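> Sequential numbering of the sequence shown, starting at 1, is according to the UniProt record's numbering.
C-beta atoms are modelled at their ideal positions from N, C-alpha and C, and glycine is treated no differently.
Quick caveat, the model's predicted, so the values are computed rather than measured.
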Amino acid sequence: MPEMSMSDLYWLDEDLYTFLNSFSLAVEDAAKRGKNVTRTEVLELLSYLDTYKDRIEQSEYLQDHHVTSLRTTRELLQAVLDQDKSALTDSDPKAHGSNVKNEALNDPGNLPSSQNTSTGSAR
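1) Which whole-angstrom value describes the C-beta separation of residue 42 and residue 56, a residue pair presumed to lie in contact below a C-beta threshold of 8 angstroms?
2) Given a threshold of 16 other Cβ atoms within 10 Å of its Cβ, counted over all protein chains shown, does residue 12 qualify as buried or as exposed?
3) Specify the secondary structure class of residue 59 as computed by DSSP and reduced to three states.
4) To which residues of the same chain is residue 74 closer than 7 angstroms at the C-beta, ignoring the five residues directly before and after it?
5) Looking only at its own chain, which residues have a Cβ that is under 6 angstroms from the Cβ of residue 52, when we skip the five neighbours before and after it?
6) With a CB to CB cut of under 6 angstroms and the five nearest residues on each side skipped, what residues in its chain are close to residue 77?
7) What is the DSSP secondary structure of residue 38, reduced to helix, strand or coil?
8) So residue 33 packs on residue 81, CB below 8 angstroms; how close in whole Å?
So, in C-alpha cells, the structure goes:
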C-alpha cells in the first residue's frame, strides 16, 4: 500500500484535514506569542483537540503519522496549564495582539458548540 500524504487525507476526510490545518495554525500562533498566551486560549486549544480525539484515533493515516505528535502537543499544552497557573491569566486578549479563537479558529464550525473549560483538568 503506498504511503498516504496530507492531500490524500483531504480526499478521505476533509473535516479532519481542515481540523489539522486549523489546529496547527492555532498552536503555531500560540507558540509565537509565548508568555502572552492566555489561559483561556490554552484551554480552547485543548478543548478543540479533545473534540477530535475519537476521529484522530480512528484515522489510519493519523495513526501511522501524527498521533504521537498530537498526543505530545496535548501533553505540552496541559503542562503549560499545570506548571504555573499564575503565569497564564484570563486577561484581555486584545492586549496581547491576537487571539487564537479569533484568528486561526475563526470558523465557528471548527470550535466545539459548548466550550468545556474543564477539559484536561479532570484527567
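Concretely, from the data shown:
1) 19 angstroms between Cβ atoms; not a contact.
2) The residue is exposed, with fewer than 16 neighbouring Cβ atoms inside 10 Å.
3) coil
4) 46 and 49
5) 19
6) Counting only Cβ-Cβ distances below 6 angstroms, and skipping sequence neighbours, we find 42, 45 and 46.
7) In the structure shown, residue 38 sits in coil (DSSP, three-state: anything other than H, G, I, E or B).
8) About 16 angstroms separates the Cβ atoms of residue 33 and residue 81, ruling out a contact at the 8 angstroms cut-off.
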